[in-house]
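Peer 1: Just so we're aligned, residue 3 is where the sequence shown starts under my numbering, counting upward by one.
All residues carry an ideal CB built from backbone N, CA and C; glycine is no exception.
Have a look at this one.
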Amino acid sequence: MNDSVREEYEQLVEDVRKYRFAYYNEDQPLVSDAEFDRLFHRLEEIERMHPQLVSQDSPTQEVGAVVVGGDLPTIEHAERMLSLDNVFSAEELRQWCAKTEASAGRPVRWLSELKIDGLAISLRYERGRLVSAATRGDGRMGEDIGVNARRLAGVPERLAGSGHPARVEIRGEVFIPVAAFEELNRFQEELRPRAVEEARKRWESRPAKTRGDFPEELERQRAMRRFPTFANPRNAASGGLRQQLEKKDGLEREAGEKRLASLDLYVHGVGAWPNPPVAAQSEVYDLLSEWGLPTSPYSRVFDAVDGVVGFVEAYGRDRHSVVHELDGIVVKVDELDLHEELGSTSRAPRWAIAYKYPPEEVHTKLLRIEVGV
Ligand code: NAD
């Protein structure tokens, strides 16, 4: 390996770490998701060509970002929370399915789900009672978001029905539906003139001699920073779930309450539950639904890969018909015994894959070129 590849590699490791920290811990992405994915895949490519570079702390071996010194206490997951490997074309998806079926040694049924663009959450229930809730964090330790999670409509304090396991970690995605996101940004806008009015009242209460002119423009800018327009639902959801409402008051509290109220949840997995009494992931969802947990209405099971590719194409065309933002499709082996058999790498299960759609800006540009606009 020559020096320039090593240099490129080291720079990529540093950049990916920095971008992950900004994205996961600060909800302030420094680059687009597409740019992040491009850098990450270059990193994987270099490691494939030079396997001696792969160390345990390479970003390709890790999930998310380490939770360091945040305001929230941390919680250890009973079973690790993983990420997903990605494919970017129907061809790659077909290859992944063929390889997975070859490893399984038998035909597989494919559970196809929308990949919700939100943030992962784990809800721990013991004998049907909610005991804690955490973000994914680095997959081993997450942030304790129990106080806020308990206020989500989709998180029952007690599971419905009976026969609950002694312990189970229910995994899902917290998101802000597109309509609620638009409303949230409208609310942020409405708070700004109110913030300026509050500042004016404080100004008026000062002695006329000492107060000078009311700094209207300055107060407008301050209100803009206090109540910004959120760039996307994913980051607004992440900040909303991880906020500490009890430390806020006045308009900040109102904004925080609104943000929390706009959060929604779909559950899409279980952990730390060794022997579920069903044979397929889709049946796990039926069970979760019976327990009163919100499962996605968009999931489908297919016997053949053609069905999965059709599903991917349909939602690629029709992304805006869905109540939440999606950045791809998650394809899972439905049979639970195969999950056990196929296992996982340090970062992702081998029984699932995420098909990532191209970012919409690129999509629009390509379409424009095609139709000659
Ligand atoms: P990921 O988002 O590619 O996939 C894993 C996650 O998908 C799971 O943890 C789960 O929470 C979620 N998910 C959504 N719907 C699901 C479903 N139906 N079933 C199962 N899981 C589902 O991986 P990641 O590690 O969470 O994040 C990596 C991605 O985040 C990158 O590809 C990039 O898009 C983005 N990112 C962006 C930046 C940036 O700077 N812009 C930085 C870091 C990460």
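Is Asp-59 helix, strand or coil by DSSP?
Peer 2: Taking the first residue of the sequence shown as position 1, residue 59 is located at position 57. Looking at Asp-59 - three-state DSSP - the assignment turns out to be coil, as it is neither helix nor strand.
Peer 1: State the beta-bridge partners of Arg-131 as determined by DSSP.
Peer 2: Reading the sequence shown from its first residue, position 129 is the one you call residue 131. In DSSP, Arg-131 forms a bridge with Glu-128, Arg-160.
Peer 1: Considering just the uninterrupted stretch of the alpha helix (DSSP H) at Ile-48, what are its terminal residues?
Peer 2: In the sequence shown, the residue the question calls residue 48 occupies position 46. Here the alpha helix (DSSP H) through Ile-48 covers 35-51.
Peer 1: Ligand 1 heavy atoms versus the CB of Asp-73: any closer than 8 Å?
Peer 2: Translated into positions along the sequence shown, residue 73 becomes position 71. No, ligand 1 has no heavy atom inside 8 Å of this Cβ.
Peer 1: With a Cβ-Cβ cutoff of 9 Å, do Val-332 and His-270 count as a contact?
Peer 2: In the sequence shown, counting from the first residue as 1, residue 332 sits at position 330. In the sequence shown, counting from the first residue as 1, residue 270 sits at position 268. Yes, these two residues count as a Cβ contact at 9 Å.
Peer 1: What residue from Trp-205, Gln-223, Arg-222, Ser-114 has the CA that sits closest to Asp-215's CA?
Peer 2: Indexing the sequence shown from 1 puts residue 215 at position 213. Closest by alpha carbon: Trp-205.
Peer 1: Which first and last residues belong to the beta strand (DSSP E) in which Ala-354 is found?
Peer 2: Sequence index remark: in the sequence shown, residue 354 carries index 352 (1-based). Unbroken beta strand (DSSP E) run through Ala-354: 354-358.
Peer 1: Determine contact between the segment 254-264 and the segment 282-294, defined as no fewer than three beta-carbon pairs at a distance below 8 Å.
Peer 2: Verdict: no, contact absent.
Peer 1: DSSP state of Asp-211, grouped into three classes?
Peer 2: Position 209 of the sequence shown, counted from the first residue, corresponds to residue 211. A small fix is needed here, since residue 211 is Lys in this sequence, not Asp. Here Lys-211 sits in helix by DSSP.
Peer 1: Suppose you measure from the CA of Lys-20 to the CA of Gln-223; what does that come to, to the nearest Å?
Peer 2: Start at 1 with the first residue of the sequence shown, and residue 20 comes out as number 18. Start at 1 with the first residue of the sequence shown, and residue 223 comes out as number 221. Computed Cα separation, rounded: 29 Å.
Peer 1: What span of residues does the beta strand (DSSP E) with Arg-108 cover, start to end?
Peer 2: Mapped onto the sequence shown, residue 108 falls at position 106. Note, Arg-108: premise wrong, no beta strand (DSSP E); not H, not E.
Peer 1: With a 10 Å radius around its C-beta and 16 neighbouring C-beta atoms as the bar for buried, classify Lys-101 as buried or exposed.
Peer 2: Locating residue 101 in the sequence shown gives position 99, counting from the first residue. Exposed: under 16 other Cβ atoms inside 10 Å.
Peer 1: Out of Gly-242, Ile-172, Lys-358, Ala-162, which has the shortest C-alpha to C-alpha gap to Ala-439?
Peer 2: No statement about residue 439 is possible, as the shown extent of the chain runs from 3 to 375 and does not include it.
Peer 1: Which term fits Asp-5, buried or exposed, when burial requires 16 or more other beta carbons within 10 angstroms of its beta carbon?
Peer 2: The sequence position of residue 5 within the sequence shown is 3, counting from 1. By the neighbour-count rule (16 or more Cβ atoms within 10 Å), Asp-5 is not buried but exposed.
Peer 1: Alpha carbon to alpha carbon, how far is Thr-366 from Glu-93?
Peer 2: Residue numbering aside, residue 366 sits at position 364 when the sequence shown is read from its first letter. Residue numbering aside, residue 93 sits at position 91 when the sequence shown is read from its first letter. The pLDDT assigned to Thr-366 is 42, lower than 50, so where the model puts this residue is not dependable, and the model offers no usable value.
Peer 1: The beta strand (DSSP E) that contains Glu-145, what's its start and end?
Peer 2: Position 143 of the sequence shown holds residue 145. Start and end: 143-145.
Peer 1: Let me know if Ser-164 comes out buried or exposed under the rule of 16 or more other beta-carbons within 10 Å of its beta-carbon.
Peer 2: Numbered from 1 along the sequence shown, position 162 holds the residue referred to as residue 164. Answer is exposed; the Cβ neighbour count stays below 16.
Peer 1: Residues in its own chain within less than 6 Å of Leu-369 by CB, not counting five upstream and five downstream?
Peer 2: The residue given as residue 369 occupies position 367 in the sequence shown. Any answer about Leu-369 is weak, because its pLDDT of 39 lies below 50 and its placement is not dependable; what the coordinates show is given next. Correct list: empty, nothing qualifies.
Peer 1: Quick one: using the 10 Å Cβ neighbour count with 16 as the cut-off for buried, is Gly-66 buried or exposed?
Peer 2: Here residue 66 refers to the residue found at position 64 of the sequence shown. So Gly-66 counts as buried.
Peer 1: Tell me whether Leu-338 counts as near ligand 1, meaning its Cβ is closer than 8 Å to at least one heavy atom of that ligand.
Peer 2: As a first step, residue 338 is located in the sequence shown; it is residue number 336 there, counting from the start. For ligand 1, not one heavy atom lies less than 8 Å from the Cβ of Leu-338.
Peer 1: In chain order, which continuous runs of the alpha helix (DSSP H) of length 4 or greater are located wholly inside the segment 290-337?
Peer 2: Runs found: 307-319.
Peer 1: For Tyr-268, I'd like the list of residues in its chain whose CB is within less than 7 Å of its CB, leaving aside the five on either flank, ordered along the chain.
Peer 2: As a working mapping, residue 268 is identified with position 266 in the sequence shown. Closer than 7 Å at the Cβ level, and outside the excluded window around Tyr-268, lie Ile-118, Gly-174, Glu-175, Pro-296, Thr-297, Ser-298.
Peer 1: Rounded to whole angstroms, what is the Cα-Cα separation between Pro-351 and Pro-276?
Peer 2: In the sequence shown, residue 351 corresponds to position 349, counting from 1. In the sequence shown, residue 276 corresponds to position 274, counting from 1. Their Cα atoms are separated by approximately 16 Å.
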